[in-house]
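A.B. asks: Numbering (our numbering), first residue to last: 3 to 444.
We treat Cβ as the ideally placed atom computed from N, Cα and C, and that holds for glycine.
(1) Helix, strand or coil for residue 52? Go by DSSP, reduced to three states.
(2) Would you please state the rounded distance, in angstroms, between the beta carbons of residue 420 and residue 434? I believe it to be under 8 Å.
(3) If we count Cβ pairs, one from each stretch, closer than 8 Å, do we get three or more for the stretch 91-111 versus the stretch 288-300?
(4) Between the beta-carbon of residue 495 and the beta-carbon of residue 37, is there less than 8 Å?
(5) Which residue's Cα is closest to the Cα of residue 84: 169, 424, 245 and 149?
(6) Label residue 284 either buried or exposed according to how many other C-beta atoms from any shown protein chain fall within 10 Å of its C-beta, with 16 as the threshold for buried.
(7) Tell me whether residue 195 is buried or exposed, calling it buried when 16 or more other Cβ atoms sit within 10 Å of its Cβ.
(8) Please state whether DSSP places residue 119 in a helix, a strand or coil.
(9) Within this structure, are the beta carbons of residue 206 and residue 63 separated by less than 8 Å?
(10) Compare the beta carbon distance of residue 230 and residue 61 with 8 Å and say whether it is the shorter of the two.
(11) Using a Cβ-Cβ cut-off of 6 Å (strictly less than) and excluding sequence neighbours within five positions of residue 425, which residues of its own chain qualify?
(12) Per DSSP, what kind of secondary structure is residue 203 in: helix, strand or coil?
(13) Counting beta carbon pairs with one atom in the stretch 9-17 and one in the stretch 66-82, are three or more of them shorter than 8 Å?
(14) If you draw a straight line from the C-alpha of residue 235 to the C-alpha of residue 257, how long is it?
(15) Is residue 91 helix, strand or coil by DSSP?
(16) By how many angstroms is the C-alpha of residue 310 removed from the C-alpha of residue 322?
(17) Which ranges does the alpha helix (DSSP H) cover as unbroken runs of at least 4 residues, wholly within the stretch 149-186, from first to last along the chain?
(18) Classify residue 103 as helix, strand or coil using the three-state DSSP reduction.
(19) Quick one: using the 10 Å Cβ neighbour count with 16 as the cut-off for buried, is residue 35 buried or exposed?
(20) Are three or more beta carbon pairs between the stretch 378-386 and the stretch 299-313 nearer than 8 Å?
(21) Is the separation between the beta-carbon of residue 201 and that of residue 225 shorter than 8 Å?
(22) Per the DSSP calculation, residue 383 is bridged to which residue(s)?
(23) Three or more C-beta pairs closer than 8 Å, one from the stretch 88-95 and one from the stretch 142-158: is that the case here?
(24) From residue 172 to residue 340, what does the alpha carbon distance come to, in whole angstroms?
(25) Quick check on the DSSP output: the beta strand (DSSP E) that includes residue 231 runs from which residue to which?
(26) Out of curiosity, what's the CA-to-CA distance linking residue 278 and residue 108?
(27) Helix or strand or just coil, what does DSSP make of residue 45?
(28) Let me know if residue 167 comes out buried or exposed under the rule of 16 or more other beta-carbons within 10 Å of its beta-carbon.
(29) If you compare alpha carbons, which of 418, 81, 405 and 153 is closest to residue 110?
(30) Figure out for me which residue from 17, 406 and 384 has the closest Cα to the Cα of residue 356.
(31) Note down the Cα distance separating residue 78 from residue 22, rounded to an integer number of angstroms.
(32) Kindly list the residues whose CB is nearer than 6 Å to the CB of residue 179, restricted to its own chain and excluding five residues on each side of it in sequence; keep chain order.
(33) Please classify residue 360: does DSSP put it in a helix, a strand, or coil?
(34) Taking Cβ to Cβ, would you say residue 262 is nearer than 8 Å to residue 417?
Here's what the structure looks like:
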């Protein structure tokens, strides 16, 4: 059984579909965008066309962290198929900003039991999901029998990378795509040319991470039929995004997507603050057990994210190794319940939420690996004397997602918690506020 879309997700998709229908009717994405935005704003907004591809519809749906952008992206394929494209079997190029998010997206599309996989089967019956290596051998029989989604990073289409060289190189494995074409359309039998022939629908996940002139040139090179950005923070400078609709944090909270409000506690003494944070975890564990007894919903383990400090030669800092040892020695946390997730060491690799050995205490420094998603994370603890958004913006959003997108009977499970070692409360509050804005919560 496929979980129903949230009301705001349906409205976003309805707005996207209506924009596409207008574009067909008026034969101008700029005019369609002006008319579509006039419905929700006091006046229509000006349109920023894709350079050298002004005819291509190019819009953005702005969704804060935790709003289900990946599911909206999957659902948009059906909307564009029925409202804009002249085919039942579209080619979709799904671009993501990093390898970890690539792996996560492929897993969600391919794995039975995952919501995105269920959505695709419910919408289309069958879908082909390819990575770049598989796409280099794709045959017409694949593209002509079901919607095909190629998931890739933008990096894979740069000429100075190994994947990029293969994408642009002539490829005898793709010859079948060109057999019955007139000479002027045959191109150079590369994967890029196969993609161009099919005028892909391009989904750009977290577009603000890719909004460089090179990225835009690459998008044009694909000969797209339409481009949809999904991001929490649209590009405002390089290539201003055409924001068609925007979702607020209040909307997400009303739809049980987020754990809000966020409760903040600060203390200048780290031992006091850490003890309070661990006590909070134990209280939440009890509430989670009671919730499971009452409703059957499982939240286990209740996770705490700990933001450690970088190693310094000038002074003693709370490095991940040091913090881990404190947890073991001072709080009797079993080592197996602790994982360090930094650029140098990623003990979360290969672990998935729901595994019996999933760690409860996760220690990071600047950020967790992109794409890491843990709705069971309730508590953020930071050793950083946080006076700006930079210190916590990469991890704050990780504690806001609501488990199973469903409000709990126990109110403590509907909130998230932050404990910060700091003697400057006002600056800390402002830093957390700025961090929320960085995650799309204006």
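C.D. replies: Here's the rundown:
(1) One-based indexing of the chain shown puts residue 52 at position 50. Strand, per DSSP.
(2) What you label residue 420 is simply residue 418 of the chain shown in a count that begins at 1. What you label residue 434 is simply residue 432 of the chain shown in a count that begins at 1. Confirmed, about 6 Å.
(3) no
(4) With the chain covering only 3 through 444, there is no way to say anything about residue 495.
(5) Locating residue 84 in the chain shown gives position 82, counting from the first residue. Closest by alpha carbon: 149.
(6) Here residue 284 is taken as the residue at index 282 of the chain shown, counted from 1. Counting Cβ neighbours within 10 Å, residue 284 comes out exposed, since fewer than 16 surround it.
(7) Indexing the chain shown from 1 puts residue 195 at position 193. When all chains shown are included, residue 195 counts as buried.
(8) For the purposes of this step, residue 119 is identified with residue 117 of the chain shown, where counting begins at 1. Residue 119: helix per DSSP, three-state reduction.
(9) Within the chain shown, residue 206 is the residue found at index 204, counting from 1. Within the chain shown, residue 63 is the residue found at index 61, counting from 1. For residue 206 and residue 63, no; Cβs fall outside 8 Å.
(10) In the chain shown, residue 230 corresponds to position 228, counting from 1. In the chain shown, residue 61 corresponds to position 59, counting from 1. Yes, the pair counts as a contact, with Cβ atoms nearer than the cut-off.
(11) On the chain shown, residue 425 is found 423 positions in, with the first residue counted as 1. Counting only Cβ-Cβ distances below 6 Å, and skipping sequence neighbours, we find 270.
(12) Mapped onto the chain shown, residue 203 falls at position 201. Of the three classes helix, strand and coil, the one that applies to residue 203 here is strand, per DSSP.
(13) yes
(14) For the purposes of this step, residue 235 is identified with residue 233 of the chain shown, where counting begins at 1. For the purposes of this step, residue 257 is identified with residue 255 of the chain shown, where counting begins at 1. Those two C-alpha atoms are separated by around 21 Å.
(15) Within the chain shown, numbered from 1, the residue matching residue 91 stands at position 89. Three-state result, residue 91: coil.
(16) In the chain shown, counting from the first residue as 1, residue 322 sits at position 320. In the chain shown, counting from the first residue as 1, residue 310 sits at position 308. Cα to Cα, the separation comes out at about 6 Å.
(17) 164-170
(18) As a first step, residue 103 is located in the chain shown; it is residue number 101 there, counting from the start. Residue 103 falls in the helix class under three-state DSSP.
(19) For the purposes of this step, residue 35 is taken as residue 33 along the chain shown, with counting starting at 1. Under this definition residue 35 is a buried residue.
(20) yes
(21) Indexing the chain shown from 1 puts residue 201 at position 199. Indexing the chain shown from 1 puts residue 225 at position 223. For residue 201 and residue 225, yes; Cβs fall inside 8 Å.
(22) Working through the chain shown from its first residue, we reach residue 383 at position 381. For residue 383, which the question treats as bridged, DSSP gives the partners 308 and 421.
(23) yes
(24) Position 170 of the chain shown, counted from the start, is the residue given in the question as residue 172. Position 338 of the chain shown, counted from the start, is the residue given in the question as residue 340. So the two alpha carbons sit approximately 49 Å from each other.
(25) If you number the chain shown from 1, residue 231 lands on position 229. Element bounds for residue 231: 228-233.
(26) The residue labelled residue 278 in the question sits at position 276 within the chain shown. The residue labelled residue 108 in the question sits at position 106 within the chain shown. Roughly 39 Å between the two C-alpha positions.
(27) Here residue 45 corresponds to residue number 43 of the chain shown, with the count starting at 1. Residue state, collapsed to three classes: coil.
(28) Here residue 167 refers to the residue found at position 165 of the chain shown. Residue 167 comes out exposed.
(29) Taking the first residue of the chain shown as position 1, residue 110 is located at position 108. Out of 418, 81, 405 and 153, 153 has the C-alpha closest to the C-alpha of residue 110.
(30) Translated into the one-based positions of the chain shown, residue 356 becomes position 354. Nearest option by C-alpha distance: 406.
(31) Position 76 of the chain shown, counted from the first residue, corresponds to residue 78. Position 20 of the chain shown, counted from the first residue, corresponds to residue 22. The straight-line gap separating the alpha-carbon atoms of residue 78 and residue 22 is approximately 11 Å.
(32) Indexing the chain shown from 1 puts residue 179 at position 177. The answer, listed in chain order, is 142 and 196.
(33) Walking along the chain shown from the start, residue 360 turns up at place 358. Coil, per DSSP.
(34) Along the chain shown, one-based indexing puts residue 262 at 260. Along the chain shown, one-based indexing puts residue 417 at 415. Yes; because the gap between Cβ atoms is below 8 Å, this pair is in contact.
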